[in-house]
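**Student:** Following this message is one structure expressed as C-alpha cells.
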Amino acid sequence: MKTLTLGSTGIVTPQNAFGALPIQRDEIDISIHILRKAYEGGITFFDTARAYSDSEKKIGLALSDVRNNIFIATKTMSQNPEQMKSQLETSLEMLKTDYIDIYQFHCADQCYKPGDGTGMYELMEDFKRQGLIRHIGITAHKIGVAEECIESGLYETLQFPFSYLSSERELALADKCREKNMGFIAMKALAGGIITDSYAAYSFIGQYDNVLPIWGIQRESELLQWLSYMDKTPVMNEEIQRIIAEDRTQLSSNFCRGCGYCMPCPVGIQINNCARMSLMLRRAPLQAWLSEQWQNNMKQIENCLNCGQCRSRCPYELDTPRLLRENYEDYVNVLSGKVNVK
Numbered sequence: 020m021k022t023l024t025l026g027s028t029g030i031v032t033p034q035n036a037f038g039a040l041p042i043q044r045d046e047i048d049i050s051i052h053i054l055r056k057a058y059e060g061g062i063t064f065f066d067t068a069r070a071y072s073d074s075e076k077k078i079g080l081a082l083s084d085v086r087n088n089i090f091i092a093t094k095t096m097s098q099n100p101e102q103m104k105s106q107l108e109t110s111l112e113m114l115k116t117d118y119i120d121i122y123q124f125h126c127a128d129q130c131y132k133p134g135d136g137t138g139m140y141e142l143m144e145d146f147k148r149q150g151l152i153r154h155i156g157i158t159a160h161k162i163g164v165a166e167e168c169i170e171s172g173l174y175e176t177l178q179f180p181f182s183y184l185s186s187e188r189e190l191a192l193a194d195k196c197r198e199k200n201m202g203f204i205a206m207k208a209l210a211g212g213i214i215t216d217s218y219a220a221y222s223f224i225g226q227y228d229n230v231l232p233i234w235g236i237q238r239e240s241e242l243l244q245w246l247s248y249m250d251k252t253p254v255m256n257e258e259i260q261r262i263i264a265e266d267r268t269q270l271s272s273n274f275c276r277g278c279g280y281c282m283p284c285p286v287g288i289q290i291n292n293c294a295r296m297s298l299m300l301r302r303a304p305l306q307a308w309l310s311e312q313w314q315n316n317m318k319q320i321e322n323c324l325n326c327g328q329c330r331s332r333c334p335y336e337l338d339t340p341r342l343l344r345e346n347y348e349d350y351v352n353v354l355s356g357k358v359n360v361k
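Residues 20 to 361 (the working numbering) make up the sequence shown, in order.
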C-alpha cells in the first residue's frame, strides 16, 4: 500500500482511510473491535464528526491508547462561534484526546473567511494557536463552495465526494488541490453505495497520488476487504477500465448519493433511499429492496406534499421530488413484472 502526504498538513498516511459515519449504527463492542482491527491492519487515518452520534465516543474508547500513532479528523456543523466552542470541547472529551489533527467545517454552504462577520474562521485560528487543533479543513458537497475554498488558500484540506462517477468539474478539484498543496480527502468514493466493485473504486482513486479515500465501514467484512488492499493494492487494468466505462454509461452525476441531508421529510418519506431506488434495484441484491417494509416505504411517496424542502436542502441541487416520482414509478413496474431487472 502506497502512502501519501496530505498537502501542507505534512500528514503521511496509507492511501486507505477509515470513514467512521457507519459505526454509529453498531453496538459499542462491535465498533471497538472493528476500529481496533483497522488500526492493527495498518489504517492510521480516521474521519468522524460531531454529527455522527456516538462515532467519536467509539473512536476514543477503541484508540485512545494509540493516539500518537493515528490521525483523527472530525467536523462541526456549528452555526456560530459559541456553538463551535462547545462542540470542540465535546469532541475532545469523546475522542479522549487533547487535540484534533484536522478540524473541519462540516457540509459547509459557504467558504468561511476572516472578516466575513461570522467569526467562525477566526475561532478556528484561535483553536490552532491554542494547540487544540493542528489543521483547518472544510467539507463541502456544492462544487462552487469547494472551488472557492481551494482558491481562498485558507484551508489545509478539502473533503468532497469523489469517485469515478464524478463529473469532470468535480474531478478537477483534485488537480486544483495539488496545485495549491492542499490535502484532498475523498468521501463517497463508492458514490453512496451505487459503485459495487471496491477494486474498481480503489483502482480509480489510486491513480491520484494526492487523494485520500475514506471508506465508510460498518461491518468487519467490509473492513477486511479494504485491509486486503494494504498488501495487494488495486491497479488499473483493461478489465477495470471496462467496468468503469460501463458504469459511467449507465449512470450520470444526476443521481441521489443517499447522504440524507434532505431529511427529515414532513410526511416520513425515507428520501435518501427512495430517491435512488431504481439504482439499488439494479446494483444491489434485489429481494432486499422488494420486502414488505420497502414496499411500504416507497408507497409513502404518494403522500408527498411537494413542499420542496428536500430540494432546497439537497447539497447536489437535485430535483428530489422528481427523482422520488420517477423512482416510485419504476419500483411499481418492477413489482408488477412490467420491468425485469434480473
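Glycine included, C-beta positions come from ideal geometry on N, C-alpha and C.
Would you give the residue range spanned by the alpha helix (DSSP H) that Leu111 belongs to?
**Tutor:** Residues Pro100 to Leu114.
**Student:** Give me the residue from Leu142, Met143 and Asn200 with the minimum Cα distance to Ala170.
**Tutor:** Note on identity: in this sequence residue 170 is Glu, with Ala being the wrong assignment. That would be Asn200, whose Cα lies nearest to the Cα of Glu170.
**Student:** Need the endpoints of the alpha helix (DSSP H) that Gln260 sits in, please.
**Tutor:** Start and end: Glu257 to Gln269.
**Student:** For Glu141, which residues from the same chain have a beta carbon less than 7 Å from its beta carbon, with the 5 sequence-adjacent residues on both sides left out?
**Tutor:** The answer, listed in chain order, is Pro133.
**Student:** So what does Lys94 bridge to, in DSSP terms?
**Tutor:** For Lys94, which the question treats as bridged, DSSP gives the partners Gln123.
**Student:** To which residues of the same chain is Ala81 closer than 6 Å at the C-beta, ignoring the five residues directly before and after it?
**Tutor:** If we look at Ala81 and ignore the five residues flanking it on each side, its Cβ neighbours are Ile51, Leu54 and Arg55.
**Student:** Within 10 Å of its beta-carbon, does Arg276 have 16 or more other beta-carbons around it, so buried, or fewer, so exposed?
**Tutor:** Arg276 should be labelled buried.
**Student:** If you drop the 5 nearest sequence neighbours on each side, which residues of the same chain put their C-beta closer than 6 Å to that of Phe223?
**Tutor:** Excluding sequence neighbours, Phe223 sits near Tyr183.
**Student:** Where Pro33 and Ile119 are concerned, what is the direct C-alpha to C-alpha distance, given to the nearest angstrom?
**Tutor:** So the alpha carbons of these two residues sit roughly 19 Å apart.
**Student:** So, helix, strand or coil for Leu362, using DSSP?
**Tutor:** The structure shown does not extend to residue 362, since the chain is modelled only from 20 to 361, so the question has no answer here.
**Student:** Going by beta carbon distance, what residues of the same chain come within less than 7 Å of Leu242, once the five residues before and after it are set aside?
**Tutor:** Excluding sequence neighbours, Leu242 sits near Ile53, Lys56, Ala57 and Ile236.
**Student:** Do His160 and Thr28 come within 8 Å of each other at the CB atom, strictly closer than that value?
**Tutor:** The answer is no: Cβ separation not under 8 Å.
**Student:** Please say whether Thr93 and Thr67 have beta carbons closer to each other than 8 Å?
**Tutor:** Against a cut-off of 8 Å, the Cβ pair of Thr93 and Thr67 comes out as a contact.
**Student:** Thr24 bridges to which residues according to DSSP?
**Tutor:** Answer is Val31.
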